[in-house]
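Q: Below is the structure I would like to discuss, written out as structure tokens.
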Amino acid sequence: MLNLKTLNKVIKIARNISVRYNSSKNKCLTMTQKMILYGDEVAPPVRFALMTAFVLGVEFDFRRIDLFASENKTELYKKINPLQKVPALVIGNRSICDSHVISLYFCRNWDKNNTLYPKDALTSAKVDEILFFNSSTLFPIDSEIFTTFFSSNQIDSKKVNDWLKALDLLENRLMEHQWLAGDRVMLCDICAMSTITSVQCLIPLADHHVRLKQWLNEIEKLSFTDINKRGLERLNKFIDLAKKP
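Heads up, the sequence shown is in UniProt numbering, so the first residue is 1 and it goes up one at a time.
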């Protein structure tokens with residue numbers, strides 16, 4: 001089992017490998033089609049994409065779309081992503097408009113050593129399970145909780161129950177391994193962590209989520225989570241403003 005020191009070393013090695021790989025096989029992509037990532041760090045999906053890129057050493061321009069200034073509703077951004085959501089990755093005249101797909105795109109092109117997305121079909125399927133669970137369950141609940149909070153300064157008790165019940169699945173998953181898909185940090189850990197830590201700003205984990213708390217404590221020791229912390233600081237500023245009478 002990898003310890004935290006080794007994990008951080010793996011991340012550094014992966015980033016160095018990715019830079020060299022980036023300058024060879026993907027030279028055409030990065031030199032002639034500079035990638036642009038649009039987003040706001042308050043959003044878990046944006047932080048997920050940013051952290052994935054950081055671990056793999058992916059280079060791009062980041063352009064903030066201020067969600068609290070409704071910049072995602074502008075005509076200019078609607079041309080980039082008709083769904084008006086963040087993040088969106090633009091490559092030449094094409095765009096990818098889902099954080100899970102963006103992060104998988106990064107892995108397929110830059111994760112030469114399968115650091116975040118394993119080559120083994122069964123293990124990658126376990127990663128996919130959590131990615132799909134985040135997309136179908138965790139993040140939709142997150143979105144509903146924050147939409148209600150910022151519109152009425154209240155938290156829907158039913159959604160709180162839905163959220164804690166959803167976390168029970170991850171708690172049970174961690175009975176099998178230290179991490180969500182195996183014995184090391186993978187893409188699904190970054191994905192779930194970005195969503196869970198956002199909701200934690202409003203709703204703490206339940207007392208029985210012992211393994212989840214341990215998992216969060218361990219993953220937050222890794223260097224890439226500084227990106228997540230900066231996004232949460234920005235999110236908490238808006239939460240504090242919403243709480244003011």
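Where is the CB? At the ideal position from N, CA and C, for every residue including glycine. On a predicted model such as this, the values are computed, not experimentally measured, just so you know.
Can you grab the Cα-Cα spacing for the pair L83 / Y117, in whole Å?
A: Position 83 of the sequence shown holds residue 83. Position 117 of the sequence shown holds residue 117. Using only the alpha carbons, I get a separation of about 27 Å.
Q: Looking only at DSSP bridge pairs, what is A53 linked to?
A: Within the sequence shown, residue 53 is the residue found at index 53, counting from 1. DSSP lists no partner for A53.
Q: Sort out for me which residues DSSP pairs R94 with in a bridge.
A: The count along the sequence shown starts at 1 and reaches residue 94 at position 94. Bridge partners of R94: I91.
Q: Work out the CA separation of D128 and F54 for me, nearest whole Å.
A: Along the sequence shown, one-based indexing puts residue 54 at 54. Along the sequence shown, one-based indexing puts residue 128 at 128. Approximately 20 Å, taken between the alpha carbons.
Q: DSSP on residue 247, reduced to helix/strand/coil?
A: The requested residue 247 is not part of the displayed model; the chain covers only 1 to 245.
Q: Taking residue 308 as part of the beta strand (DSSP E), name the residues at either end of that continuous run.
A: Not covered by the structure: residue 308. The range shown for the chain is 1 to 245.
Q: Whose CA, out of D162, S124 and D120, lies closest to the CA of P140?
A: Numbered from 1 along the sequence shown, position 140 holds the residue referred to as residue 140. With distances taken between Cα atoms, P140 lies closest to D162.
Q: Which of the three DSSP states is assigned to G231 in this structure?
A: Your numbering for residue 231 matches position 231 in the sequence shown. If DSSP states are grouped into helix, strand and coil, G231 belongs with the helices.
Q: Determine the direct distance from the alpha carbon of L122 to that of D240, and round the result to whole angstroms.
A: Working through the sequence shown from its first residue, we reach residue 240 at position 240. Working through the sequence shown from its first residue, we reach residue 122 at position 122. Taking the straight line joining both Cα atoms gives about 43 Å.
Q: Does the Cβ of N228 have 16 or more other Cβ atoms within 10 Å, making it buried, or fewer, making it exposed?
A: As a working mapping, residue 228 is identified with position 228 in the sequence shown. Counting Cβ neighbours within 10 Å, N228 comes out buried, since at least 16 surround it.
Q: DSSP on M35, reduced to helix/strand/coil?
A: Sequence index remark: in the sequence shown, residue 35 carries index 35 (1-based). Residue state, collapsed to three classes: strand.
Q: So, for S135: in the same chain, excluding its five sequence neighbours on each side, which residues have a beta-carbon less than 6 Å away from its beta-carbon?
A: The residue given as residue 135 occupies position 135 in the sequence shown. Hits under 6 Å: H100.
Q: How about the segment 149-165 and the segment 199-206: do they share at least three Cβ pairs that are nearer than 8 Å?
A: yes
Q: Report yes if the C-beta distance between R64 and G92 is below 9 Å; otherwise report no.
A: Translated into positions along the sequence shown, residue 64 becomes position 64. Translated into positions along the sequence shown, residue 92 becomes position 92. The answer is no: Cβ separation not under 9 Å.
Q: So, helix, strand or coil for F224, using DSSP?
A: If you number the sequence shown from 1, residue 224 lands on position 224. Of the three classes helix, strand and coil, the one that applies to F224 here is coil, per DSSP.
Q: Count Cβ pairs between the segment 178-187 and the segment 211-224 that sit closer than 8 Å; are there 3 or more?
A: yes
Q: Assign N134 to one of three DSSP states: helix, strand, or coil.
A: In the sequence shown, residue 134 corresponds to position 134, counting from 1. Reduced to three states, the DSSP call for N134 is helix.
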